[in-house]
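Taking it in order: structure first as structure tokens, then the write-up.
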Amino acid sequence: MNPLIAPSILAADFANLQREIAMINESAADYIHVDVMDGVFVPNISFGMPVIKAVKKHARKPLDVHLMIVEPERYVEAFKEVGADILSVHIEASTHLHRTIQQIKAAGMKAGVAVNPHTSVSQLRDVLADLDLVCLMSVNPGFGGQKFIHNTYRKVAELRSLIEQTHSNALIEIDGGVNEDNAQPLMEAGAHVLVAGNFVFSAFDPKSVIQRLKDVGQSLA
Ligand code: DX5
Ligand code: ZN
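Here our numbering is used: the first residue of the sequence shown is -16, the next is one more, and so on.
As structure tokens, this is what we get:
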């Protein structure tokens, strides 16, 4: 199985976003990964609604919006309005996670939950069957360009078996430090979606890097 590829526009050239989105549209990418940071849940601030709305106008791939914000339930409908197709909230940021998941689905989006490196995937057991996506953080959220955390492989395998046990259809997305070296072992461990920021956008030819990531796993059943 080939991975689904989600280039993260956090690493894009913000002064040329339209050009960057056009590149993703023409590429083998499956989603556009959109990182929203509030400076509270994570130490960094990225961008918000007006930027996402502008991106949506040009995007021909679904927007995979990753909220790194506290109390994400306050903004679920607002993110739908600006064009989110998949909305992920952090398990560490939403007190009534089950309710938030239902709220995302009721608003007409696919529901995802993101999990920090220190959080055990076993904490997802009771909501897994309701989820469309689990975003496993393979770096501490807040910045692009960080080093991949090796323990992620073990978490992917554990999550994969939890998904089977709970008859969940959730996709496993890996976010942070993904590159050509870890993509194949991540797929072998059971991942479905690979987010890539710096690895794609710092390349001379981002489109061919996306294609190379897409071709990973060609040999897997
Ligand atoms: C980190 C973000 C990631 C980031 C990935 O907080 O959630 O999506 O943009 O960037 P790279 O691939 O550069 O680690
Ligand atoms: Zn992200």
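Every residue gets a Cβ at the ideal spot worked out from N, C-alpha and C, and that includes glycine.
Asked, Found
"Ser(-9): CB within 8 Å of a non-hydrogen atom of the ligand ZN", "yes"
"Cβ contact check for the stretch 11 to 18 and the stretch 35 to 49: 3 or more pairs under 8 Å", "yes"
"Cβ-based neighbour list, Thr149, same chain, cut-off 7 Å, excluding 5 preceding and 5 following", "Arg108, Leu111 and Ala112"
"Closest Cα partner of Ala174 within the set Val161, Val183, Ser185 and Ile7", "Val161"
"Alpha carbon of Ala90 to alpha carbon of Val72, nearest angstrom", "14 Å"
"Per-residue burial, Thr78 [other beta carbons within 10 Å of its own, 16 or more giving buried]", "exposed"
"Glu54 - DSSP class collapsed to helix/strand/coil", "coil"
"Assigned secondary structure, His49 (DSSP; H/G/I helix, E/B strand, else coil)", "strand"
"Phe182 CB to nearest heavy atom of the ligand DX5 below 8 Å", "yes"
"Residues that Leu177 bridges to, as DSSP identifies them", "Ile(-12) and Ile157"
"Candidates Asn123, Ile84 and Phe131, of which the one nearest Met20 by Cα", "Asn123"
"Cross-strand partners of Ile28 (DSSP beta bridge)", "Asp21"
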